[in-house]
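Trainee:
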Amino acid sequence: MRQGYEAAYAAWKTDPEGFWMRQAEAIDWFEKPKMAFDPSADVYGRWFPDGVTNTCYNALDRHVAAGLGDRNAFVIESPITGRSSAIIYSEALAEVKAIALAMRSLGVEKGDRVIIYMPMILEAVLSMLACARLGAVHSVVFGGFAGPELATRIDDSKAKLIISASCGIEPGRVVPYKPMLDEAIELAHHKPAACLLYQRPELSAPLTDGLDHDFEALVAKHRGGEIDCVPVAATDPLYVLYTSGTTGQPKGVVRDNGGHLVALHWSMRNFYGVKPGETFWAASDIGWVVGHSYIVYGPLISGNTSVLFEGKPIGTPDAGTFWRVIQKHNVTAFFTAPTAFRAIRKEDPTGSFLKDIPMPSLRTLFLAGERADPDTIKWAEEHLKVPVVDHWWQTETGWVIAGNPAGLGLLPVKYGSPTVPMPGYDVQVLDDAGHAVPAGTLGNVVVKLPLPPGSLPTLWNADERFRHAYLEEFPGYYKTADAGYIDEDGYLFIMARTDDIINCAGHRLSTGAMEEVCASHPDVAEAAVIGVQDDIKGQVPCGFLVLNSGVTKPERTIEKEVIDLVRHHIGPVAAFKLATCVKRLPKTRSGKVLRGTMQKIADGETWKMPATIEDPAVLGEIEAALKAHGLPHPHVL
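Note that the UniProt record's numbering numbers the sequence shown so that position 18 is 18, with each residue one more than the last.
Structure below.
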């Protein structure tokens, strides 16, 4: 089975430019590129510099022109509101044209920036595509972001238009967006020319005279109208996505049009292994890169049906909601975060819902977004009875760096590893001085330049910041800021962010390795390990344990058993003597554990409430747990 992967990787390695020019043949161009890569352009070079295309055309128009307009583009499932619907490609195209005409009537043209501040509703993804049709640059901001955080993004992008909705829906509550939007505009130095507000039935918001326009009313005026796709250079920006957790000047990842189209099309067929017409579901949010790449653009470019889901893995209404959606829509490939599976496993450790909801269409489960611990993968394999693919990538790259390519033939699984690098990525591990380390040695994971098509060419209006953040420390390489190692078989293991490597009495220890051991305890649903300051050893690990539902064993007993497990598997050198049970871990809305904030709390440093946190109350619980163990309880900024 390895032959398919090895042939593809060798073809890229032997002739990188020829490889990507061949992949570019799958994309519709107004002017086909004659050059694959210009190494002299911008910061580290640009892909398809003389190509002219349009992303919306490749996502919608070409499928309708090919006679596939009656195929579902999106199926929309909102268990949180009880609504379900679908839209075919031809209907989506007509609606995108109407939205684009409405935007143009408000003065939006090629190159203008548009902020989309909306929940997981159809109007949000169609607005993204409408921006692409006009050649406008969209910047999706997670619906519900606080006013000050939204204001920094308005100022950085200089947005001409903001498209928003009256509210978001969370379990048990309605979240009004208009007050946060109004606060952001008041705080921002740059003022948008207009706002387009979609009124949801759960809450109506007042419109501000002279600024706000009713989304449905304005779009309705333009239904039936025609507007062609605006030709854009392959190197023109499609979107800017601000990375989570930014403070001060935000960090806007730029995604171009041409390279993005080519990379996503290749990944849908060759990595995810889905064929045109099949249903693909990435259970994420359009506020994150997964939503951009694999809810909206990737599936549509490939001619698939994409699931748009407004809900949670548990609680809307229960831990079986994912399985019902997969069954109902014959989902072939399902992509979610490990944290979602840990939440499901905690609520339903025996997989009882899975026994009652057959999913014969499901071929593969893909996990990404945070390190997938072996126990979670094994639980998913046991209960789903399909291959479980851990894969690793970043907001900056836009698509998979390393994984197990279902479309090329799955390789043998090594638990804890996302498997092997994809074509386009020359992944290496270096020590802090920039020297290659032997196989199996922990170090800095880097990618040799140039990055492949689809990866960020720079940060929005911040070339020097891009160089400093990603390229300076290891000249000739892109710094992933992840730590890991490559084994003798070429398998990559991502162990932690480089900030999460603990230096304990001179030993560099991986928090990821310790978390694996903690999570292997049968009563532990998920675990996080951080390093806390120690006068003697420099840093020592501290483990936080979330237990499975229904566990009756005393917490102190489980804590001691986990400490013993780590001592047995990693050794006394880990100095793992502190573990505490907590009800939940603090996470971003995308499921990443906020280890950095936890570490600041434990070390007694001042800290700021992260903008992306899902539930701020969890940090109070973490403070209380640490205080019970005699650790500092700092003041919050």
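C-beta atoms are modelled at their ideal positions from N, C-alpha and C, and glycine is treated no differently.
1. Between the beta-carbon of residue 117 and the beta-carbon of residue 87, is there less than 8 Å?
2. Indicate whether residue 239 and residue 153 have their beta-carbon atoms separated by less than 8 Å.
3. Tell me whether residue 84 is buried or exposed, calling it buried when 16 or more other Cβ atoms sit within 10 Å of its Cβ.
4. Whose C-beta lies closer than 6 Å to the C-beta of residue 619 among residues of the same chain, with five residues either side of it excluded?
5. Using a Cβ-Cβ cut-off of 6 Å (strictly less than) and excluding sequence neighbours within five positions of residue 34, which residues of its own chain qualify?
6. Going by the DSSP bridge assignment, what does residue 580 pair with across the sheet?
7. Less than 8 Å between C-beta atoms, sequence neighbours within five positions excluded: which residues of the same chain meet that for residue 459?
8. Name, in chain order, the residues that DSSP records as bridge partners for residue 114.
9. Going by C-alpha distance, which of 456, 572, 548, 547 is nearest residue 509?
10. Exposed or buried, which one is residue 609 when buried takes at least 16 other CB atoms within 10 Å?
11. Quick one: which unbroken alpha helix (DSSP H) runs of 4-plus residues sit fully inside the stretch 392 to 476? Chain order, please.
12. With residue 181 as the anchor, note down where its alpha helix (DSSP H) starts and where it stops.
13. Give the C-beta separation of residue 537 and residue 575 to the nearest angstrom, bearing in mind that I take them to be a contact with Cβ-Cβ under 8 Å.
14. What would DSSP say about residue 167, mapped onto helix, strand or coil?
15. Tell me the DSSP secondary structure of residue 31 in three-state form.
16. Going by CA-CA distance only, name the one from 99, 177, 315 that's closest to residue 222.
17. Looking only at its own chain, which residues have a Cβ that is under 7 Å from the Cβ of residue 396, when we skip the five neighbours before and after it?
18. Alpha carbon to alpha carbon, how far is residue 446 from residue 482? Give it in angstroms, no decimals.
19. Within 10 angstroms of the Cβ of residue 312, are there 16 or more other Cβ atoms? Answer buried if so, exposed if not.
20. State yes or no: is the beta carbon of residue 68 nearer than 8 Å to at least one beta carbon in chain C?
21. CA-CA distance, residue 310 and residue 139?
22. Grab the span of the beta strand (DSSP E) containing residue 293 for me, first residue to last.
23. With burial defined as no fewer than 16 other Cβ atoms inside 10 Å of the residue's Cβ, what is the status of residue 9: buried or exposed?
24. Assuming residue 515 is part of the alpha helix (DSSP H), what are its boundary residues?
25. Which value, in whole angstroms, describes the spacing of the CA atoms of residue 630 and residue 595?
26. What's the call for residue 23, buried or exposed, on a 16-neighbour Cβ count within 10 Å?
27. Roughly how many whole angstroms lie between the Cα atoms of residue 110 and residue 60?
28. Go ahead and label residue 441 buried or exposed: buried means 16 or more other beta carbons lie within 10 angstroms of its beta carbon, across all protein chains shown.
29. Do the stretch 163 to 182 and the stretch 270 to 289 make contact, defined as three or more Cβ pairs closer than 8 Å?
30. According to DSSP, is residue 249 part of a helix, a strand, or is it coil?
31. In the DSSP assignment, what residue or residues form a beta bridge with residue 53?
32. Please classify residue 200 as buried or exposed, where buried requires at least 16 neighbouring CB atoms within 10 angstroms.
33. With DSSP as the reference, please indicate the residues paired to residue 195 in a beta bridge.
34. For a quick check, are the C-beta atoms of residue 380 and residue 391 less than 8 Å apart?
35. Look at the alpha carbon of residue 129 and the alpha carbon of residue 195, and state the distance between them as a whole number of angstroms.
Mentor: Looking at the atomic coordinates:
1. For residue 117 and residue 87, no; Cβs fall outside 8 Å.
2. No, the pair does not count as a contact, with Cβ atoms beyond the cut-off.
3. By the neighbour-count rule (16 or more Cβ atoms within 10 Å), residue 84 is not buried but exposed.
4. The beta carbon of residue 619 lies closer than 6 Å to those of 586 in the same chain, with the five residues before and after it left out.
5. Same-chain partners within the cutoff: 50.
6. In the DSSP assignment, residue 580 is bridged to 544.
7. For residue 459, same chain residues with a beta-carbon under 8 Å away, outside a window of 5 residues either side, are 251, 252, 253, 254, 465, 466, 469 in chain order.
8. DSSP lists 138, 161 as partners of residue 114.
9. Per the Cα distances, 572.
10. Looking at its Cβ environment, which holds fewer than 16 other Cβ atoms inside 10 Å, residue 609 is exposed.
11. For the stretch 392 to 476, whole alpha helix (DSSP H) runs of length 4 or above, ordered along the chain, are 463 to 466.
12. Element bounds for residue 181: 178 to 187.
13. Yes, residue 537 and residue 575 are in contact; Cβ-Cβ is about 6 Å, under 8 Å.
14. In the three-state reduction of the DSSP assignment, residue 167 falls in the strand class, which pools E and B.
15. Residue 31 falls in the strand class under three-state DSSP.
16. Relative to the Cα of residue 222, the nearest Cα in the group 99, 177, 315 belongs to 99.
17. Excluding sequence neighbours, residue 396 sits near 253, 455, 456.
18. Going from the Cα of residue 482 to the Cα of residue 446 covers about 8 Å.
19. Residue 312 is buried by the Cβ-count criterion.
20. The structure shown contains no chain C; it holds only a single protein chain.
21. The alpha-carbon atoms of residue 310 and residue 139 are separated by roughly 20 Å.
22. Where residue 293 is concerned, there is no enclosing beta strand (DSSP E), given that its DSSP letter is neither H nor E.
23. When all chains shown are included, residue 9 counts as buried.
24. DSSP places residue 515 inside the alpha helix (DSSP H), whose first and last residues are 511 to 519.
25. Inter-residue distance for residue 630 and residue 595 is about 19 Å (C-alpha atoms, whole angstroms).
26. By the neighbour-count criterion, in which 16 or more other beta carbons inside 10 Å mark a residue as buried, residue 23 falls on the buried side.
27. Note on geometry: alpha-carbon atoms of residue 110 and residue 60 lie some 19 Å from one another.
28. Counting the other CB atoms within 10 Å of its CB gives residue 441 a total below 16, which places it among the exposed residues.
29. No, the stretch 163 to 182 does not touch the stretch 270 to 289.
30. It is coil, neither helix nor strand.
31. Secondary-structure assignment with DSSP links residue 53 through a beta bridge to 232.
32. By the Cβ-count criterion, residue 200 is buried, with 16 or more other Cβ atoms from all chains shown falling within 10 Å of its own Cβ.
33. Note: residue 195 sits in a beta bridge opposite 162, 212.
34. No. Outside cutoff.
35. Straight-line Cα distance between these residues: approximately 17 Å.
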